[in-house]
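**Q**
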Amino acid sequence: MAALSADPLVPVTLVAGPETLLAERAVGAVVKAARAADADADVSVTAGSELTPGGLAEHLSPSLFATSRVLVVQDVQDVSDAVGELLVAQVKAPADGIHVVLVHPGGVKGKKLLTALRKAGVHEVAADRITRPDDQVAFVRAEVRRAGGRIDEQAARQLVDAVGGELRGLASAAAQLASDAPDGVVSSSVIAMYFEGRAEVKGWVVADRAVEGKTGEAVEQLRWALETGTDPVLITGALATALRSLARLAGAPRGLRDADVARDLGVPPWKVRILRGQLRGWTPAGLAHAIRAVAEADLAVKGGGNDPTLALTTALVHIGSARAEQGAAARA
């Protein structure tokens, strides 16, 4: 299915799919282009169930007061057979200065009309739901760029985890963060600050920074997490999970596909790519040392010590040292 064309001002556009945000944007792009070409362009919106052959003929007639017209038909699956035939005819022999946008919410209703429109060569724009995590991350990154900002893949995944997969919420959050972030750079720390109530997000942010050897950032995220009410046990749990995943990945047979590795590790396939990057610089001995440090911190925060913050900070320092020292030894 085609994406929105560089020039959306075509005679007939079919916007098909249940994702209302994408559908609204596709419609808006046509209207914007029409008004850019003709500030007096006449724009009409009608429901498919209310559109009659006579009414459609009127909409498709040249306007006395404008050089171009745009007709948006919502729920085109509800049009009558007679109207459907006229719409197909418009695709085959478009009238000059007339731009029609047909919006279909997906599903089987109106399938016969959709088939006829596609066979006639209608320009189609997809408004499908974006459900795959990788695609949601790509959407977030595109939205941040659209707002003039920058965000890397890992921060984008963090935002998806914090907001969820609903596109309207992701688009709103991406635009707001790009506007508010210093120099437009939407980093993990910026996201953590905005979504301070998401304990599960803060826990894995600390863990990711720690296993990547970014000890200073990990300590900063730890302090922010604890100050905003994250239970220390969630931090040790996230650290233990991150290190165990790296250890299991290190022991996985070579040549396995990411999908097979993901199944063995119990993580989504996109996470395997991140884990592979995090594993660089680690040796089995270094991972073992780091896992012992987290186990000691876990015991301390569960009652074996008096200062959970100190215990966790110490664990982060030990993790950074284990990665740096063992990595240096491996390179020597």
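FYI, the numbering for the sequence shown is -16 to 315, going by our numbering.
Backbone N, C-alpha and C define an ideal beta-carbon position, used for all residues, glycine too.
1) Just verifying my parser: in three-state terms, what is the DSSP assignment at L(-8)?
2) Measure the C-alpha to C-alpha separation of T296 and R256 and round it to an integer number of angstroms.
3) Pairs of beta-carbons, one from the region -13 to 3 and one from the region 23 to 39, closer than 8 Å: are there three or more?
4) Look at the Cβ atom of A233, then the Cβ atom of L262, and state whether they are nearer than 8 Å.
5) Exposed or buried, which one is L44 when buried takes at least 16 other CB atoms within 10 Å?
6) Provide the residue span of the alpha helix (DSSP H) that contains R151, from first to last.
7) Considering only residues of the region 221 to 260, which uninterrupted alpha helix (DSSP H) runs meet the minimum length of 4 residues and lie entirely inside it, listed in chain order?
8) Is it right to say D64 is buried, meaning 16 or more other beta carbons lie within 10 angstroms of its own, or is it exposed?
9) Answer yes or no: the CB of K94 versus the heavy atoms of the ligand SAH, is any distance below 7 Å?
10) Taking C-alpha atoms, which residue in H106, H87, V105, T50 lies nearest to I81?
11) Just verifying my parser: in three-state terms, what is the DSSP assignment at V26?
12) Nearest by alpha-carbon distance to H301: which of S228, A17, V202, V10 is it?
13) Let me confirm a value: A164 is counted as buried when at least 16 other C-beta atoms fall within 10 Å, else exposed. Which label applies?
14) Rounded to the nearest angstrom, what separates P57 and Y177 at their Cα positions?
15) Using the three-state DSSP reduction, which class does V194 fall into: helix, strand or coil?
16) So which of R237, A208, K15, A268 has the shortest CA-CA distance to P291?
17) Under DSSP, the beta strand (DSSP E) around L85 begins and ends at which residues?
18) Based on the DSSP output, what are the partners of E210 in its beta bridges?
19) Which residues does DSSP pair with R133 in a beta bridge?
20) State buried or exposed for R246, treating a residue as buried only when at least 16 other CB atoms are found within 10 Å of its CB.
21) Is DSSP giving R124 helix, strand or coil here?
22) Got a sec, what are the start and stop residues for the beta strand (DSSP E) L54 sits in?
23) List the residues that DSSP assigns as beta-bridge partners of H106.
24) May I have the straight-line CA-CA distance separating V74 from G238, to the nearest angstrom?
25) Express the C-alpha separation of T224 and V244 in angstroms, rounding to a whole number.
26) Does the region 133 to 148 come into contact with the region 97 to 106, if we say contact requires no fewer than three beta-carbon pairs (one atom in each stretch) closer than 8 Å?
27) Taking all protein chains shown into account, decide if D(-10) is buried (16 or more other Cβ within 10 angstroms of its Cβ) or exposed.
28) Applying the criterion that 16 or more other CB atoms from any shown protein chain within 10 Å of the CB defines a buried residue, is Q159 buried or exposed?
29) Could you give the DSSP three-state label for R140: helix, strand or coil?
30) Exposed or buried, which one is P215 when buried takes at least 16 other CB atoms within 10 Å?
31) Would W265 and R306 be called neighbours here (beta carbons separated by less than 8 Å)?
32) With burial defined as no fewer than 16 other Cβ atoms inside 10 Å of the residue's Cβ, what is the status of D191: buried or exposed?
**A** So, from the listed chains and residues:
1) In the sequence shown, counting from the first residue as 1, residue -8 sits at position 9. Reduced to three states, the DSSP call for L(-8) is coil.
2) Mapped onto the sequence shown, residue 296 falls at position 313. Mapped onto the sequence shown, residue 256 falls at position 273. Near 27 Å, if we compare the C-alpha coordinates of R256 and T296.
3) no
4) Taking the first residue of the sequence shown as 1, we reach residue 233 at position 250. Taking the first residue of the sequence shown as 1, we reach residue 262 at position 279. Yes. Within cutoff.
5) Within the sequence shown, numbered from 1, the residue matching residue 44 stands at position 61. Reading the sequence as shown, one finds Ser at residue 44 and not Leu. The residue in question, S44, is exposed, as its Cβ has fewer than 16 Cβ neighbours within 10 Å.
6) Against the sequence shown, residue 151 aligns to sequence position 168. 150 to 163 is the span of the alpha helix (DSSP H), which, as asked, contains R151.
7) 241 to 248
8) Here residue 64 is taken as the residue at index 81 of the sequence shown, counted from 1. D64 comes out exposed.
9) For the structure depicted, the ligand SAH is absent and the ligand set is empty, with no information on it obtainable.
10) Your numbering for residue 81 matches position 98 in the sequence shown. Of the listed residues, the one whose Cα sits closest to I81 is T50.
11) Position 43 of the sequence shown, counting from 1, holds the residue named residue 26. In this structure, V26 counts as strand in the three-state DSSP scheme.
12) Translated into the one-based positions of the sequence shown, residue 301 becomes position 318. Closest option to H301, Cα to Cα, is V202.
13) Counting from one through the sequence shown, the residue named residue 164 turns up at place 181. Flag for A164 reads buried.
14) Indexing the sequence shown from 1 puts residue 57 at position 74. Indexing the sequence shown from 1 puts residue 177 at position 194. One detail in the question is off: residue 57 reads as Gln in this sequence, not Pro. Straight-line Cα distance between these residues: approximately 37 Å.
15) Numbered from 1 along the sequence shown, position 211 holds the residue referred to as residue 194. It is helical.
16) Numbered from its first residue, the sequence shown carries residue 291 at position 308. It is A208.
17) Locating residue 85 in the sequence shown gives position 102, where the first residue counts as 1. Here the beta strand (DSSP E) through L85 covers 81 to 87.
18) Residue mapping note: residue 210 aligns to position 227 of the sequence shown, counting from 1. Answer is none; E210 lacks a bridge partner.
19) The sequence position of residue 133 within the sequence shown is 150, counting from 1. V168.
20) If you number the sequence shown from 1, residue 246 lands on position 263. By the 10 Å Cβ count, R246 comes out exposed.
21) Looking up residue 124 in the sequence shown gives position 141. Helix.
22) Translated into the one-based positions of the sequence shown, residue 54 becomes position 71. Residues 52 to 57.
23) Position 123 of the sequence shown, counted from the start, is the residue given in the question as residue 106. Per DSSP, T(-4).
24) The residue given as residue 74 occupies position 91 in the sequence shown. The residue given as residue 238 occupies position 255 in the sequence shown. So the alpha carbons of these two residues sit roughly 51 Å apart.
25) Locating residue 244 in the sequence shown gives position 261, counting from the first residue. Locating residue 224 in the sequence shown gives position 241, counting from the first residue. The alpha-carbon atoms of V244 and T224 are separated by roughly 16 Å.
26) no
27) As a position in the sequence shown, residue -10 is number 7, starting the count at 1. Looking at its Cβ environment, which holds fewer than 16 other Cβ atoms inside 10 Å, D(-10) is exposed.
28) Along the sequence shown, one-based indexing puts residue 159 at 176. When all chains shown are included, Q159 counts as exposed.
29) In the sequence shown, the residue the question calls residue 140 occupies position 157. Three-state DSSP puts R140 in a helix.
30) As a first step, residue 215 must be located in the sequence shown, where it is residue number 232. It counts as buried.
31) Counting from one through the sequence shown, the residue named residue 265 turns up at place 282. Counting from one through the sequence shown, the residue named residue 306 turns up at place 323. Yes, these two residues count as a Cβ contact at 8 Å.
32) Sequence index remark: in the sequence shown, residue 191 carries index 208 (1-based). It counts as buried.
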